[in-house]
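Peer 1: Under my numbering, the final residue of the sequence shown carries the number 177; numbering is consecutive throughout. I have a structure I would like to understand better, so I am pasting it below and will then ask my questions one at a time.
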Amino acid sequence: MASIGHVAVGMALGRFEAGAPPWRRRVAVMVFMSLLALLPDADVVAFALRIPYSAPWGHRGASHSFVFAGLVALAVAGLARWRGGSATRWGLLALAAVGSHGILDALTDGGLGAALFWPFSHARVFAPVRPLPVSPIGAGMLSARGLYVSLVELLVFLPAWAYALWPTRRARARPEAG
Ligand SMILES: [Zn+2]
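What follows is the structure, encoded as C-alpha cells:
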C-alpha cells in the first residue's frame, strides 16, 4: 500500500488521543502516530541490502507482523510511563497504529502478502478480500499507477481523514441564536 492510507490511520488515532486543544499537542501526536503506522515499511531498506522480498526480513516480512507491533507497543508504553503518561493507553494506541499496517497491506491486490504471524510462521498472508490496489515501490510511485493508487487510498480512507481533520468548535460562550 502507498503511504497515504497508513498516514490516514495514524492521523485518526492521533485525533482520538488528542481531540481536545491545544493544537500543538494534537499535531505532535498525529505526526507521531503516523510515523508509527509507517514504521513497518522502513523494511524497504531490505531491497538496498539485497535481502530478497520473500525472506523473513525482506519487505512485508517480520516488521509487518503482530509480534513486531507488540514489541513496538511495549517500547512506546515504557516511554509513556517514563514521561508520566498512561502506559496502557499509549501501548494500545501504538499497537493499533503498527498492527494496522500489516493488516492493510494484506488487503492489497499484489506483491507478496504480509508475514503477520512471524516468527511462528513465515507465510506471507493475504486477506480473503483484497480491495486495495498495490502500490509501486520507491520511485515507481511517480507514475500514473502511483497516482491512481494514491487517489484510491485518499478516497477509501476518507472517513479517517474526515475524523482526523474535522474542525473542533472553539469553546466560546455564545448567546443562543433564536
Ligand atoms: Zn507495508
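Backbone N, C-alpha and C fix where the C-beta goes; we use that ideal spot for every residue, glycine too.
Name the DSSP beta bridge partners of residue 106, please?
Peer 2: BP columns for residue 106 are empty, so no partner.
Peer 1: By the 10 Å Cβ neighbour count, where 16 or more other Cβ atoms means buried, how is residue 21 classified, buried or exposed?
Peer 2: exposed
Peer 1: Can you check the region 8–75 for any alpha helix (DSSP H) of at least 4 residues that lies completely inside it and give the ranges in chain order?
Peer 2: 22–37 and 44–47
Peer 1: Any heavy atom of ligand 1 within a distance shorter than 7 Å of the CB on residue 108?
Peer 2: no
Peer 1: If you drop the 5 nearest sequence neighbours on each side, which residues of the same chain put their C-beta closer than 8 Å to that of residue 2?
Peer 2: 37 and 40
Peer 1: Tell me the DSSP bridge mates of residue 155?
Peer 2: DSSP output for residue 155 lists no bridge partner at all.
Peer 1: Say the cut is 7 Å; is the CB of residue 121 nearer than that to a heavy atom of ligand 1?
Peer 2: no
Peer 1: Do residue 94 and residue 126 have their beta-carbon atoms positioned less than 8 Å apart in this structure?
Peer 2: no
Peer 1: Just checking my contact of residue 101 with residue 113 at CB under 8 Å: how many whole Å lie between their CB atoms?
Peer 2: The C-beta distance from residue 101 to residue 113 rounds to 4 Å, short enough to meet the 8 Å contact threshold.
Peer 1: Should residue 31 be labelled buried (16 or more other beta-carbon atoms within 10 Å of its own) or exposed?
Peer 2: buried
Peer 1: Which residues does DSSP list as the beta-bridge partners of residue 124?
Peer 2: Bridge partners of residue 124: 113.
Peer 1: Please classify residue 48: is it buried, with 16 or more other beta-carbons within 10 angstroms of its beta-carbon, or exposed?
Peer 2: exposed
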